[in-house]
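Residue numbering for the sequence shown follows numbering that gives the first Met the number 0, beginning at 0 and increasing consecutively.
Just so you know, even glycine gets a beta-carbon here, dropped at the ideal spot from N, CA and C.
Owing to the predicted nature of the structure, the values given are computational and were not obtained by experimental measurement.
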Amino acid sequence: MSATPDPAPPQVQPSGAEQRDPKAALIFDDPLSRPSADDTDRGWGERPAGDSAADLARFLDEKPPHHI
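As structure tokens, then:
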């Protein structure tokens, strides 16, 4: 008699389609064929068009301190 336990019976592997995790799949399409979320310049200082008073206020708001 041996102290080594009997090996476990071999487990049946599911077929290729069943064992694959869809979230882990690699996607080889062209990433440049569709726009990404940061392809626009939104958030880079655009303000709605206004009158000259609004332009002056914007100029004074955005002027660096050494230009005052």
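Nearest-angstrom Cα separation, counted from residue j out to residue i
i: R33; j: F58; result: 36 Å
i: A23; j: D37; result: 25 Å
i: F27; j: P21; result: 14 Å
i: K62; j: L31; result: 37 Å
i: L25; j: T3; result: 42 Å
i: H65; j: A52; result: 22 Å
i: S35; j: D29; result: 12 Å
i: D50; j: A56; result: 10 Å
i: D54; j: D60; result: 10 Å
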